[in-house]
Amino acid sequence: MPVHVGRFATSAAAATLAATLLGVSPGAVWAHGAGADQLTTLSALTSWTLEPLALLGILAAAAVYLAAVRRVDRVHRLNPVPRRRTAAWLAGLLVVAVALFSFLDVYAGQLFSVHMVQHILLTMVAAPLLVLGAPVTLLLRALPRGWRTRRAMPILESAPLRLLAHPVVGWTFFAGVMWAAHFSPLFDAALEDGGAHALEHALFLSAAVMFWWPVVGADPSPHRMGYGTRFGYVLLSMPQNSFLGLAIFSAPAVLFAHYATLTRAWGPTPLEDQQIAGGIMWAVGDMLFLVPLLFLTAAWLRSEEEKGRLHDERLDRERPVRPPSTARSVPARPRR
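If you want the numbering used here, it's the 1-based position in the sequence shown plus 4.
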């Protein structure tokens, strides 16, 4: 890879880290990919976009969740909502905001590599954090008993939702969206049209939530998997992610007309940028898949240890206890 491409990748990574640490703050309003100057750390910190509907949705999701938490904490004082769940939900919304409003959205129309970082944040960081927030469990606890039994539960137990909650459906839909979005007209359309852009983000986030739902297991599910099955479920996703990243990285020509016809006097060429994007999906995506695998391994080992302990306790309870002997001991005769 040329030296200037490496310098650009390093600069982009530094800008991504800086913006993520700063979080979401007011800034300049940009159109999607329009009028963006050369990407530097300074431009990353000062380039922000604003999508009113997306912002309203994020604020509403935060407000409704916090209101439900307050209600549960008030009604169930001895069993409040775990703070780690609230933190996970708010962190997930923050990551969504960074992906949609920061320089990532401003430069996504200029650089495929930045667009790829945006999608990885939505699918590999924001989605599992939102699922860790256990919103369904919170909803069921916050609703009055009548609403919960007569309205919420029939919907949650309906055939369509049971189908959508199936791990095979979630895995297939996630993989299908990843491949279809990158090898269909949707990707180019999302770069040219605001509506298609919003649809693309909604597809990525919803598919990722469906994928991570059975892995995290924080909410009730009709198809709950054991730790070993969850491990295999995530492990099988790594090859399809690697193959997709390799397909993008090794493509001999620019895949998308938007980037191929873009006039840009800075940064890597469109083909080099595409190679960076494929490398990000391949390397960063696979590394992020390793994180849940490590957590699942630790949880699996703890579960097996607990099963072993309970098994030993059961055996101890079932083992017959010999009563103490009541026979009088006869002293041994002394030898002559």
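Even glycine gets a Cβ: it sits at the ideal position worked out from N, Cα and C. Please read all numbers here as calculations on a predicted model, not as lab measurements.
- [ ] Output the boundary residues of the alpha helix (DSSP H) element that contains His205.
- [x] 198-220
TODO: Could you tell me if Ala222 is buried or exposed, where buried requires 16 or more neighbouring beta carbons within 10 angstroms of its beta carbon?
DONE: buried
Task: alpha helix (DSSP H) segment containing Thr233, residue limits - done: 231-253
Task: Reduced DSSP secondary structure (H/G/I, E/B, other) of Thr44 - done: coil
Task: CB of Leu300 within 8 Å of CB of Gln278, strictly - done: no
TODO: Given a cut-off of 8 Å, decide if Ala92 and Gly137 are closer than it, judged by their beta-carbon atoms.
DONE: yes
Task: Candidates Ala72, Ser106, Leu43, Val85: closest to Leu54 by CA position - done: Ser106
Open item on the list: With the cut-off set at 8 Å, would you say Trp52 and Pro132 are in Cβ contact?
Closed with: no
- [ ] My understanding is that Leu94 touches Ala64, with C-beta atoms under 8 Å, so please give their C-beta distance in whole angstroms.
- [x] No, Leu94 and Ala64 are not in contact; Cβ-Cβ is about 13 Å, not under 8 Å.
Open item on the list: Let's see if you can read the secondary structure: which residues bound the alpha helix (DSSP H) around Ile284?
Closed with: No alpha helix (DSSP H) contains Ile284, which DSSP labels as neither H nor E.
Open item on the list: Check this for me: beta carbons of Phe178 and Met214, under 8 Å apart or not?
Closed with: yes
Open item on the list: So the candidates are Ala206, Arg149, Val140; which of them puts its Cα closest to the Cα of Ile62?
Closed with: Ala206
Task: Leu160 versus Val73: straight-line alpha-carbon distance, rounded - done: 20 Å
TODO: Could you check the C-alpha separation between Ala35 and Arg89 for me, to the nearest Å?
DONE: The predicted model places Ala35 with a pLDDT of 38, which falls under 50 and marks its position as unreliable; any figure quoted below should be read in that light. Spanning the two alpha carbons is a distance of roughly 34 Å.
- [ ] Sort His80, Val99, Leu125, Arg81 by Cα distance to Leu59 and report the nearest one.
- [x] Val99
Task: is_contact[Val173, chain D] using C-beta, thresh 8 Å - done: Among the protein chains of the structure shown there is no chain D, as only one such chain exists.
Open item on the list: Looking at Val238: is its Cβ nearer than 8 Å to the Cβ of Pro171?
Closed with: no
TODO: Could you spell out where the alpha helix (DSSP H) holding His123 opens and where it closes?
DONE: 116-124
Task: Three-state secondary structure (DSSP) of Glu1 - done: In the structure as shown, the chain starts at 5 and stops at 340, and residue 1 therefore has no counterpart that could be examined.
Task: C-alpha distance - Phe293 paired with Ser225, whole-angstrom precision - done: 22 Å
Task: Range of the contiguous alpha helix (DSSP H) that encloses Phe178 - done: 171-186
- [ ] Could you spell out where the alpha helix (DSSP H) holding Arg75 opens and where it closes?
- [x] 56-79
- [ ] Just the C-alpha distance for Met229 and Ile280, rounded to the nearest angstrom, thanks.
- [x] 36 Å
Open item on the list: For Leu125, count the other beta carbons within 10 Å of its own beta carbon; 16 or more makes it buried, fewer makes it exposed. Which is it?
Closed with: buried
- [ ] Look up Pro132 in the DSSP assignment and say whether it is helix, strand or coil.
- [x] helix
Open item on the list: Please report the distance separating the alpha-carbon of Arg154 from that of Pro86.
Closed with: 26 Å
Open item on the list: I need the DSSP call for Arg268, collapsed to helix, strand or coil.
Closed with: coil
- [ ] Tell me whether Thr141 sits in a helix, a strand or coil according to DSSP, three-state version.
- [x] helix
Task: Cutoff 6 Å; reference Pro6; Cβ partners in own chain excluding five residues on either side - done: The predicted position of Pro6 is uncertain, since its pLDDT is 45 and thus under 50; a value taken from the coordinates is nonetheless stated next. Answer for Pro6: no residue qualifies.
Task: Distance CB(Val121)-CB(Leu108) smaller than 8 Å - done: yes
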